[in-house]
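Have a look at the structure below, then the notes.
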Amino acid sequence: MVARKSVLRAPADFGLAVQQARMAHGLSQSSLAEELGISQSAVSEIETGKSTLYLRRLLELARATGIHFSATWEEEVAPQR
1 MVARKSVLRA PADFGLAVQQ ARMAHGLSQS SLAEELGISQ SAVSEIETGK
51 STLYLRRLLE LARATGIHFS ATWEEEVAPQ R
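Position 30 (the sequence shown) corresponds to 30 in the UniProt record's numbering; numbering is contiguous.
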């Protein structure tokens, strides 16, 4: 399987990444929903960016679809004198 990288700036960006990962793992919305204990319509809402997720559900979803998260940020660098 090829690793993919996405920049997530909006819920719809995350939803698209979930959809692509789900499909890459050969999962239907229904089978993913069953694995997570949620409805198929809830998976659809996640994939379209219409759903707000709690961190716990986000991590469960990531495990089920093979998504790995990382955090990046910019630090203020004090000017050198």
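All C-beta atoms in this analysis are idealised placements derived from N, C-alpha and C, irrespective of residue type, glycine included.
Proximity winner among the options, relative to residue i (alpha-carbon distances)
i	options	result
Gly-49	Leu-16, Ala-12 and Ala-64	Ala-12
Ser-28	Thr-65, Thr-72, Pro-79 and Arg-9	Thr-65
Ala-71	Ala-33, Leu-53 and Leu-8	Leu-8
Leu-58	Val-77, Gly-37 and Ala-24	Gly-37
Same chain only: Cβ atoms within 7 Å of residue i, ignoring 5 sequence neighbours per side
i	result
Ser-51	Ala-42 and Glu-45
Whether residue i touches residue j by CB criterion (8 Å)
i	j	result
Ala-17	Ser-6	yes
Spatial distance of residue i from residue j (CA atoms)
i	j	result
Ile-67	Leu-53	15 Å
Phe-69	Leu-55	12 Å
Residues near residue i by beta carbon distance below 6 Å, same chain, minus five either side
i	result
Gln-40	Gln-29, Ser-30 and Ala-33
Residues near residue i in its chain [Cβ-Cβ closer than 8 Å; skip 5 each side]
i	result
Glu-60	Leu-36
Self-check item: Ordered list of alpha helix (DSSP H) runs contained in the UniProt domain "HTH cro/C1-type" (18-72), each at least 4 residues
Solution: 29-36, 40-47 and 55-65
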